[in-house]
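What follows is a set of notes on a single structure, which appears directly below.
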Amino acid sequence: MKYIIAPIQHYLLFTYPAITVFVFYFLPFTSFSQKRDTIYIFDQQFYSGDTIRLAEVSVFGKEHYFGDAEAQKRYLLLRSRVKRVYPYAKMAADRLYTMERTMDTMQNKRQKKVYVKRTQRYIEDHFTDELKKLSRSQGRILIKLIHRQTGKTAYELVKDLRNGWNAYWYNKTAWLYDLSLKKGYDPMNVEEDYWIEEIILRAINSGELEYQTPALLYNFSDLVEQRQKRLQKQLAN
Numbered sequence: 001m002k003y004i005i006a007p008i009q010h011y012l013l014f015t016y017p018a019i020t021v022f023v024f025y026f027l028p029f030t031s032f033s034q035k036r037d038t039i040y041i042f043d044q045q046f047y048s049g050d051t052i053r054l055a056e057v058s059v060f061g062k063e064h065y066f067g068d069a070e071a072q073k074r075y076l077l078l079r080s081r082v083k084r085v086y087p088y089a090k091m092a093a094d095r096l097y098t099m100e101r102t103m104d105t106m107q108n109k110r111q112k113k114v115y116v117k118r119t120q121r122y123i124e125d126h127f128t129d130e131l132k133k134l135s136r137s138q139g140r141i142l143i144k145l146i147h148r149q150t151g152k153t154a155y156e157l158v159k160d161l162r163n164g165w166n167a168y169w170y171n172k173t174a175w176l177y178d179l180s181l182k183k184g185y186d187p188m189n190v191e192e193d194y195w196i197e198e199i200i201l202r203a204i205n206s207g208e209l210e211y212q213t214p215a216l217l218y219n220f221s222d223l224v225e226q227r228q229k230r231l232q233k234q235l236a237n
């Protein structure tokens, strides 16, 4: 497959193979759904060898007002970007699960290869234009959220489903636009990721986004505590 790198200004116009691989390789062929009106931060308890997830409802107060116009603007922009791309990351996780389950039932590599090719062809025809509408900033957030929902970076997903050489070149293509498919999600230590997590949980709590148990699951109280320690350390220095 040829790499066709289109000129871009502020849009995420990767080659359509790169777009397909790092997101839509994993999309189910359904539209978004935004129905849930509660948020669940799961704790785990074990009974007789089984894992039972118990829902802990997290209640948020009023939205943040930073007292600084620029900080407030950055937060609102981040919130808009997160809400824009979260459904894609959620569907990527759904699609990855479906693909893994389907491929587990196949007898040989040829069947798997045909299945992946067929999926790719359908997705390229139906979804490439939609991904091109994402800005670079939205694309950067999406890469992080793919890691949050699937437990793997976009680079690792490309490497697993294609090969290391393709993953290398897709990442190089992304790098040209100040993006990295290797970018991970770390709300425990990265300030932006902390706010992304807060935005997601708040949006799920209000019913704006649909809940999906992420592969990277955090206790938000722990995140708040860790952030306070981090800020105190910065002030001390």
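Numbering (the UniProt record's numbering), first residue to last: 1 to 237.
The beta-carbon is built from N, C-alpha and C at its ideal position, and this holds for glycine as well.
Note that the structure is a prediction, hence the values are computed from the model and not measured.
* **Residues of its chain near R148, where Cβ-Cβ distance is below 6 Å and the 5 sequence neighbours each way are ignored** => Y185, P214 and L216
* Asked: Whose C-alpha, out of E100, R79 and R118, is nearest the C-alpha of E198?
  -> R79
* For L223, collect the residues of the same chain with a Cβ closer than 7 Å to its Cβ; drop the 5 residues on either side in sequence, then sort them by chain order. => P187, M188, Y194 and E197
* Excluding the five sequence neighbours on either side, which residues of its own chain have a C-beta within less than 6 Å of the C-beta of L12, listed in chain order? -> Legend: pLDDT at L12 = 36, less than 50; position of this residue unreliable, value from coordinates given subsequently. Here the set comprises L134, R136 and G139.
* Report, in whole angstroms, the separation of the C-beta atoms of T150 and L142, which I expect to be a contact under 8 Å. => Not a contact, Cβ separation roughly 12 Å.
* Which residue's Cα is closest to the Cα of K182: E210, K152, E191 and S206? -> K152
* **Extent of the continuous alpha helix (DSSP H) run through M188** => Taken as a continuous stretch (DSSP letters only), M188 belongs to no alpha helix (DSSP H), as it is neither H nor E.
* Would you kindly work out how many angstroms separate the C-alpha atoms of R121 and R74, rounded to a whole number? => 38 Å
* Is the CB-CB distance between L145 and Y86 below 7 Å? -> yes
* Asked: DSSP three-state call for F220: helix, strand or coil?
  -> helix
* Asked: E100 by DSSP, collapsed to three states: which one?
  -> helix
* Going along the chain, which residues of its own chain have a beta-carbon closer than 7 Å to the beta-carbon of R101, five neighbours each way excluded? -> none
* To do: Quick one: residues in its chain with C-beta nearer than 7 Å to the C-beta of L209, no 5 flanking neighbours on either side, listed in chain order?
  => Q34, K83, Y86, I200 and A203
* To do: May I ask you to report which of helix, strand or coil DSSP gives A93?
  => helix
* To do: Please classify K83: does DSSP put it in a helix, a strand, or coil?
  => helix
* Identify whether A69 lies in helix, strand or coil by the three-state DSSP scheme. => helix
* Own chain residues within Cβ distance below 7 Å of V64, not counting five before or after -> At residue 64 the sequence reads His, which differs from the Val that was named. Closer than 7 Å at Cβ, skipping near neighbours: Y75.
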